[in-house]
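Student:
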Amino acid sequence: MDLYKLTAHELLDLLKEKKTSADQIAQSYAQRIGKVDPQVKAYVRVRPRDDKAASGPFPLPIAIKDNICIRDNETTCCSKILAGFKPPYNATVIDRLSRAGVPVLGNTNMDEFAFGSSTENSCFGPSRNPWNKECVVGGSSGGSAAAVAADEAVWALGSDTGGSIRQPASFCGVVGVKPTYGRVSRYGLIAFASSLDQIGPITKDVTDAAILLGLIAGYDDRDSTSVDHPVPDYTQALGKDVKGLTVGVPKEFFIDGLDPEVKAAMDEALNVLKKKGAIVKNISLPHSDYAVATYYILATAEASSNLARYDGVRYGLRQIPAKANRTSIIDMFEETRRVGFGAEAKRRIMLGTYCLSAGYYDAYYLRAQKVRTLIKQDFEKAFKECDAVITPTSPTTAFKAGEKTSDPLAMYLSDVYTISMNMAGIPAISIPCGFSKAKLPIGLQIITKAFDEEMMFRIAFNYEQAAGWHKEKAPLT
Amino acid sequence: MGKHLITPKDVETIAHLARINLTEKEGETLTHDLENILHYVAKLEQLDVSRTDPTTHVAPLKNVFRKDEVRPSLSQSEALKVAVSQQNGSFKVPQVIE
Chain A
1 MDLYKLTAHE LLDLLKEKKT SADQIAQSYA QRIGKVDPQV KAYVRVRPRD DKAASGPFPL
61 PIAIKDNICI RDNETTCCSK ILAGFKPPYN ATVIDRLSRA GVPVLGNTNM DEFAFGSSTE
121 NSCFGPSRNP WNKECVVGGS SGGSAAAVAA DEAVWALGSD TGGSIRQPAS FCGVVGVKPT
181 YGRVSRYGLI AFASSLDQIG PITKDVTDAA ILLGLIAGYD DRDSTSVDHP VPDYTQALGK
241 DVKGLTVGVP KEFFIDGLDP EVKAAMDEAL NVLKKKGAIV KNISLPHSDY AVATYYILAT
301 AEASSNLARY DGVRYGLRQI PAKANRTSII DMFEETRRVG FGAEAKRRIM LGTYCLSAGY
361 YDAYYLRAQK VRTLIKQDFE KAFKECDAVI TPTSPTTAFK AGEKTSDPLA MYLSDVYTIS
421 MNMAGIPAIS IPCGFSKAKL PIGLQIITKA FDEEMMFRIA FNYEQAAGWH KEKAPLT
Chain B
1001 MGKHLITPKD VETIAHLARI NLTEKEGETL THDLENILHY VAKLEQLDVS RTDPTTHVAP
1061 LKNVFRKDEV RPSLSQSEAL KVAVSQQNGS FKVPQVIE
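From first to last, the protein sequence lines stand for chains A and B.
Using the working numbering, you'd call the opening residue of the first sequence number 1 and step up by one each time.
Using the working numbering, you'd call the opening residue of the second sequence number 1001 and step up by one each time.
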């Protein structure tokens, strides 16, 4: 039996019946990675096997995005500026996984500092979409999504600041969850935009996502934005039907640029939910058209501040200018940052610095914070009349490698359906809802109110079981 | 496009604020890219936000305090393990004061 093809809950069942062992599972994944990763390039680092790590109740190997700190294990955000950096501590999610006995397979590829929507901004080069190697994996958690889609991990963690879990999950045909802001500790997640970042699961099906979120969620006093809210058993929510639930479909998401094949898959998915007894209602999120502009001001402003720490003083890269005979510390800062950051990182730091600089702060940053309030209020109104909002995850399927690399704005606009939820701080899941004629996966997004991940999983599971798309496997040999 | 929102001189100033050396070519590309992005984000001017409060974060939290007690933390030697250059238990850098 090919163990690597199974989901976490299927493996847990086999373990319970003593039909497999932690050792066999670990072996199966090591072989699988050896076989397909040279084609997919999901991992930037594979860890040596540690049998002690798999001694808990969940010996199900996981892939970790390269921006989540693992003690004494190189963690670089796929940036030259952190080459060789070995964090002296674990992220809280890593401690939690370790307590559950989940072994870490390795670190996955990503856009440098999570800046991107295609994983083409990695200093290690891009990953390849398991469904079509000419296409991007999405981003920024592209390596994590590709690893799960290619059966190179049971499950994975990513981080989502504006869609970085959901969009690659959609492009790779797997499940991706951005939890409520404050649900999962950000301690040890290398910061991009601190008011938006959240760690979440990428899995083969909805049940696995519910299990994994349960393992990583919960209050942590080392993250001052962690919320002390009880963590339910998310798998309990899966058994409930959707009869009488109202799902809202925002008209603003069905606009120019939405691929007709994606729209058709959405319509079909809504029919499936209707047949299961859900009520589909047309709603409006009137400020949706302003989301991308708002996000790219707020996220880059926060990023420019967060990335000020990479200056060559303490850790990571230090670059001294070649020509100078005497070097000042400012020369060192400027040269380290010139050499260490890639083009997109520089672009975002520059944009963020501009938006925060004297004379422009009110016009850009403060105004964007106010529009953020409007976007958040749109959702508050929507959740007065529906239990969940449903949209496509991305307006298109995975685009061709290189297609958007020379046009930053076109790349930013590919996040149009996922960024509002980060600004509103609410949870959202992307699940497979079909394929294009070219056999590329299409993703459906289900959004609920803050701390109502149970409703999100419930609707997602009902759809998944009725539609069955999660059973399709990428054509890798 | 109408008036320029950002000039090469602005880009030079921001690069200095952000402590990034830019090559001439990078400066040109960034001027062009930032100009495009700023034109796009200018759509926010269409909205009346005069009566809207800003949102800085969305977590239902305020005044996160803890007891003022010493708790386990990284030791000096653990923290210095990642140092690029160190001397006498400190991170060592090029000369700061002339």
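The C-beta atom is built at its ideal place from N, Cα and C for all residues, glycine as well.
1. Please check if any C-beta of chain A sits within less than 9 angstroms of the C-beta of E1024(B).
2. Might you give, ordered along the chain, the residues of its own chain that have their beta carbon closer than 6 angstroms to the beta carbon of K243(A), omitting 5 neighbours on each side?
3. Are the stretch 1047 to 1057 of chain B and the stretch 365 to 377 of chain A in contact at 8 angstroms, needing three or more beta carbon pairs?
4. Check the Cβ-Cβ distances between N1088(B) and every residue of chain A, and say whether any is below 9 angstroms.
5. Starting from the beta carbon of V1049(B), find every residue of chain A whose beta carbon is closer than 7 angstroms, and list them in chain order.
6. Expressed to the nearest angstrom, what Euclidean distance is found between the alpha-carbon atoms of E134(A) and R128(A)?
7. For E1078(B), count the other beta carbons within 10 Å of its own beta carbon; 16 or more makes it buried, fewer makes it exposed. Which is it?
8. Consider the Cβ of E334(A): report whether some Cβ of chain B lies at a distance smaller than 9 angstroms.
9. What are the uninterrupted segments assigned as alpha helix (DSSP H) that are 4 or more residues long and contained completely in the stretch 349 to 375 of chain A, given in chain order?
10. Mind listing the chain B neighbours of G182(A)? Cutoff is C-beta to C-beta under 7 angstroms, in chain order.
11. By how many angstroms is the C-alpha of V1093(B) removed from the C-alpha of A83(A)?
12. Among D241(A), F383(A), P286(A), M332(A), which residue has its Cα nearest to the Cα of V272(A)?
13. Could you name the residues of the same chain whose beta carbon sits closer than 7 angstroms to that of M1001(B), not counting the 5 residues immediately before and after it, in chain order?
14. Going by beta-carbon coordinates alone, are V537(A) and F113(A) separated by less than 9 angstroms?
15. Would you mind reading off the limits of the beta strand (DSSP E) that contains T108(A)?
16. What did DSSP end up calling W478(A) once you bin it into helix, strand or coil?
17. By Cβ distance, which residues of its chain are closer than 6 angstroms to R458(A), with the 5 residues on each side in sequence left out?
18. At the level of alpha carbons, what is the spacing between I94(A) and A1042(B)?
19. Can you look up N306(A) in the DSSP assignment and give me helix, strand or coil?
20. Quick test of the definition: if touching needs 3 or more C-beta pairs under 8 angstroms, does the stretch 375 to 383 of chain A touch the stretch 283 to 293 of chain A?
21. Mind checking which residues open and close the alpha helix (DSSP H) that includes L1076(B)?
22. Is there a Cβ of chain B sitting closer than 9 angstroms to that of Y296(A), yes or no?
23. Taking the alpha-carbon positions, what's the E403(A) to T396(A) distance?
24. Would you mind listing the alpha helix (DSSP H) stretches within the stretch 310 to 337 of chain A that are 4+ residues and don't spill past its ends, in chain order?
25. Rounded to whole angstroms, what's the CA-CA distance from K400(A) to V136(A)? Just pull it up for me.
26. To the nearest angstrom, how far is the alpha carbon of G1089(B) from that of T92(A)?
27. Taking Cβ positions, are N282(A) and G257(A) nearer each other than 9 angstroms?
28. Less than 9 angstroms between the C-beta atoms of A293(A) and Y365(A), yes or no?
29. Measure the C-alpha to C-alpha separation of T1031(B) and D151(A) and round it to an integer number of angstroms.
30. Is there at least one Cβ from chain A nearer than 9 angstroms to Q1076(B)'s Cβ?
31. Taking Cβ positions only, does D51(A) come closer than 9 angstroms to chain B?
32. Run through DSSP, which three-state label would V242(A) get?
33. Figure out for me which residue from T1023(B), E1035(B), T1029(B) has the closest Cα to the Cα of K1003(B).
34. Taking 9 angstroms as the CB-CB cut-off, is R166(A) touching chain B?
35. Relative to chain B, which residues along the stretch 266 to 295 of chain A have a C-beta separation below 9 angstroms, given in chain order?
36. Using the Cα positions of K178(A) and S328(A), report the straight-line distance between them to the nearest angstrom.
Tutor: Quick look at the numbers:
1. no
2. G277
3. yes
4. no
5. R367, K370, V371
6. 7 angstroms
7. Flag for E1078(B) reads exposed.
8. Using a CB distance cut-off of 9 angstroms, E334(A) counts as an interface residue toward chain B.
9. As for any alpha helix (DSSP H) of minimum length 4 sitting wholly inside the stretch 349 to 375 of chain A, there is none.
10. A1059
11. Whole-angstrom Cα-Cα distance: 19 angstroms.
12. D241(A)
13. With a pLDDT of 46 at M1001(B), under the threshold of 50, the modelled position of that residue is not reliable, and the figure given next carries that caveat. Taken in chain order, the residues that qualify are H1039.
14. The first residue shown for chain A is 1 and the last is 477, placing residue 537(A) beyond what the model contains.
15. 104 to 108
16. With chain A covering 1 to 477 only, the question about residue 478(A) has no answer from this structure.
17. Contacts found: A237, K240.
18. 41 angstroms
19. helix
20. yes
21. Just to set this straight, residue 1076(B) is Gln in the shown sequence, not Leu. Note, Q1076(B): alpha helix (DSSP H), 1076 to 1080.
22. yes
23. Their Cα atoms are separated by approximately 13 angstroms.
24. Counting only runs of 4+ residues, no alpha helix (DSSP H) is found wholly inside the stretch 310 to 337 of chain A.
25. 6 angstroms
26. Cα-Cα distance, rounded: 28 angstroms.
27. Cβ atoms of N282(A) and G257(A): not closer than 9 angstroms.
28. Not a contact, by the Cβ cut-off of 9 angstroms.
29. 43 angstroms
30. Judged by the 9 angstroms Cβ criterion, Q1076(B) is not in contact with chain A.
31. Judged by the 9 angstroms Cβ criterion, D51(A) is not in contact with chain B.
32. DSSP places V242(A) outside both helix and strand once states are collapsed to three, so it counts as coil.
33. E1035(B)
34. no
35. For the stretch 266 to 295 of chain A, residues whose beta-carbon sits nearer than 9 angstroms to a beta-carbon of chain B comprise H287, D289, Y290, V292, A293, T294.
36. 43 angstroms
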